[in-house]
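Notes follow once the structure below has been shown.
Chains as they are written, first to last, in the numbering used here: chain A, 1 to 941; chain B, 942 to 1035.
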């Protein structure tokens, strides 16, 4: 054990950090994620625009700056706007509930262009030679199909001034000529929506509008009027970049409008275009010509130039105005957009979620309750099982919780639901570090060593195992953070930070505390430390019984495969795309009423949307769940329609919660999850191969595959929905399963040089018997924690907890009954172990399950220590003088086994020394017991 | 999804190889790889022959992978046994 001074320093340092942590916890606010505080999250895919034919990171960063300015201008507090991958942007708007307004405020590209209108209009009738103010309205059509068809027949080219990046595709239904999708720049994008996919191939009509021609919707003051469309030659005279100082104002009729000035370049261009228009009017002496202001593909205003009033055009110094039948709000928004500037790229909304503050608070309460109950149960269990050591572990966990909370507030880490799950799991990891060490301490104490010696040896031998296991967890967290999507990232970050902190508290802190207490009276009683007489000593032929466990796993997997084939997996909208809405309405209505409201909101194919009344008293009395293929940008309209038709519980917008995922985003989530799993497996296999030896890595991988397939099989069998939370759980299972297997293999690795005559199955049997208690306790602690999440964690966390529960049970089982037998079978093929087995079989006629049962090791009718298993009947250790290096710890961690010769006598000096040390320790322990007994009897006399 | 069915089936059937002597080429790991590869190849061949996509699964998807898996395991066993016999013969002659 380290010196007393070092222990005091560590404890003082930790206490100082604890005081600082308490101060931080008391003074700093906790940053809650949208899923806990309520709000709206929007995820956009950046797409090329005319100015940016390709989207790169610079465009995304510039767009984020502009979006931040927009959101700030709209007065949203603490928005979170961040890049997501290479081409996506995630926008979090806490406390905002109006989805439609959020979508309008954030995602409109606000591309503004000015067109000299009449010369650029393509006439509907080819016989019309020139479009004039008199025949202008006849060139607009109410059929989008007709407009697009006409546009598709134009043979135009772009001369560097176009507003599109290339040809634009539209999809219509062949028979009805109804619009389905577009304009999009590729077929992939065109068919990315569910509506487009739903059209049978034979009914699809794709029209391609060449670059240089566009279809725009005409300005109409009456929003209920049937839309009209113009086909325009795409030759804008001015763009939004040429204006400045846009302001919301009112025109002479007191209608809201937007006024603005021109830049120097814009002013010259504006004068030129209006002069041309005025001159054209003079030449015709008819109705005045006009120009069109087009915003994001729609004509928002088309003022005329009175050639008599302005024969030389309009002086741009007085600025101009856009009046397009705006509401005050719309005019203000447009002025803000124009002030901040157009986005350099187009944004497509691929995912949106709206979280009700009521349900967010409920989820937070459930998560915290689950965490506290879990912690309490684990604490009680530790106290009962480890007694005083358990109390030290609880102290360590309390310090861990304080450090973690302080770090979370300092960084600050946004606390999300998956984050809470990660936090609870790290409590399990922290607890397990103690279990590993305490089991070692108990082993040493039962050998008769003093408590100080037991604690020192326990920590020394346990630390390598703990570091290996925690590195595995850290690697999993690292990969998850790098590859997975937003929700899972929070989980990964929490898991990573928690694992590092737990190493500090569960190992460094508890060791220092025990070091200080090592000489106290309290630590002299093994029973008080839970290290009394061992009631259960595992003596089970794991290798021999493995075929039966393999059969059980095989049967479960056969059932799983059958279920995959017939039931498949019930993928949630995260993967399949679509929308899930939960709404608490103010008044009792029927399912049909809700369905009618959806139809009024413009939802296509309402009959395919699933609407059902559900019980959720915490949310409201009239709660409905709506699930179907509603596009992310339609959800806002649905919210407004439901609010207008029925109102929400509580009056505001709080009775509405939704999650909507576009098809491309769903694919991306699935892909990133696949990559995360594959990369985790590869990296961890490499780590295991490096730390142990390559042959240890393969069984680890097989055990992980076994666990993931079994968990997925159970999901398929029971039909539970697979969400992105489930993926996080799968990845955690991966980490847990590896963690557990590493701890088992670590003991095998440690025992290999100690048992130089034993077969590998005997070594494995011995090792598994030694670690089974630890595996059961850790498994049990984790099951307690996960069980509390499952029961108390609420609906969202229960998904995660279910997968974890199945995975942890499977992981604990597979590390003992799958990974180890595979390792045994593979290692037993090595010539050295084959020779050992052959030798034992030759002498005994069979290979016993445990090394101490080898006949060759029987000394005086009693099984000798395994270390004396000389293989040829001769005890090898006691006679060997212990060299100076004998006290060095065996678990040097390089994973290299000593080179072995199959010949019986060829025991390396190192192995012999180790055996000698163990024998000497045993003798010393026996001597101490005899001395203690003599002292006791002496006192009695 | 079909790929998941075949891999699961391959892994499932591999578990039962512990009931035969470990004479597979590459040992238990060789058997594992053979079982999974055989199941995937056999299942995929069936799926392609049927003209179904990888997303479509039914009972036939499951059944189609069984022969390939068993054949692959038999081949791995036969190759492994021949090598073991050859080695035994070699040492025996010596």
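Yeah, the Cβ is synthetic: ideal placement off N, Cα and C, and Gly gets one too.
query, result
"Endpoints, alpha helix (DSSP H) assigned at residue 575 of chain A", "573 to 576"
"Contact set for residue 711 of chain A: own chain, Cβ-Cβ below 7 angstroms, skip 5 residues either direction", "730, 733, 803, 806, 807 and 810"
"CA-to-CA distance, residue 606 of chain A to residue 647 of chain A, given in whole angstroms", "20 angstroms"
"Under the three-state DSSP convention, the category residue 298 of chain A falls into", "strand"
"DSSP three-state assignment for residue 957 of chain B, whether helix, strand or coil", "helix"
"Beta-carbon gap between residue 516 of chain A and residue 7 of chain A smaller than 7 angstroms", "yes"
"Member of A/91, A/83 and A/61 whose CA lies at the smallest distance from the CA of residue 71 of chain A", "A/91"
"Cβ-Cβ separation, residue 97 of chain A to residue 654 of chain A (assumed contact under 8 angstroms), whole Å", "6 angstroms"
"CB contact check: residue 993 of chain B to chain A, cutoff 7 angstroms", "no"
"Cβ-based neighbour list, residue 1020 of chain B, same chain, cut-off 7 angstroms, excluding 5 preceding and 5 following", "966"
"Sequence-distant residues of its chain with Cβ nearer than 8 angstroms to residue 896 of chain A (five each side left out)", "The predicted position of residue 896 of chain A is uncertain, since its pLDDT is 34 and thus under 50; no value can be drawn from it."
"Best match in A/508, A/521, A/470 and A/483 for proximity to residue 496 of chain A [C-alpha to C-alpha]", "A/470"
"Under 7 angstroms between C-beta atoms of residue 455 of chain A and residue 514 of chain A", "yes"
"Those residues which DSSP pairs with residue 321 of chain A across a bridge", "A/259"
"Cα-Cα separation, residue 142 of chain A to residue 413 of chain A", "53 angstroms"
"Within-7 angstroms CB hit, residue 565 of chain A to chain B", "yes"
"Near-chain A residues of the stretch 955 to 981 of chain B (beta-carbon distance less than 7 angstroms), N- to C-terminal order", "956, 957, 959, 960, 963, 968, 969, 970 and 973"
"Which of helix, strand or coil DSSP assigns to residue 238 of chain A", "strand"
"Limits of the alpha helix (DSSP H) - the one that residue 105 of chain A falls within", "99 to 107"
"Runs of alpha helix (DSSP H) lying entirely within the stretch 636 to 721 of chain A, each at least 4 residues, in chain order", "663 to 691 and 694 to 718"
"4 or more residues per run - each alpha helix (DSSP H) lying fully within the stretch 447 to 517 of chain A", "451 to 483, 486 to 503 and 510 to 517"
"Between the CA atoms of residue 634 of chain A and residue 427 of chain A - distance to the nearest angstrom", "42 angstroms"
"Of the listed residues A/445, A/224 and A/436, nearest to residue 467 of chain A (C-alpha basis)", "A/436"
"Three-state secondary structure assigned by DSSP to residue 178 of chain A", "coil"
"Under 8 angstroms by beta carbon: chain A residues contacting residue 1000 of chain B", "562, 565 and 566"
"Chain-ordered chain B contacts of residue 709 of chain A [CB-CB under 9 angstroms]", "945, 948, 949, 952 and 953"
"Whole-angstrom C-beta distance between residue 717 of chain A and residue 479 of chain A, which should lie under 8 angstroms", "Not confirmed; about 28 angstroms, so no contact."
"Chain-ordered neighbours of residue 816 of chain A on chain B, where CB pairs are closer than 9 angstroms", "Within 9 angstroms Cβ-Cβ: nothing; residue 816 of chain A doesn't reach chain B, min ~15 angstroms."
"Contact with chain B by residue 112 of chain A, beta-carbon distance below 7 angstroms", "no"
"Environment of residue 1024 of chain B [buried if 16+ CB atoms lie within 10 Å]", "exposed"
"Residue 733 of chain A at chain B interface by Cβ criterion, 7 angstroms", "no"
"Touch test, the stretch 811 to 830 of chain A against the stretch 759 to 767 of chain A, Cβ-Cβ under 8 angstroms, three pairs minimum", "yes"
"Range of the contiguous alpha helix (DSSP H) that encloses residue 7 of chain A", "4 to 27"
"Reduced DSSP category for residue 604 of chain A - H, G, I as helix; E, B as strand; rest coil", "coil"
"Assigned exposure category for residue 54 of chain A - 16 Cβ within 10 Å defines buried", "exposed"
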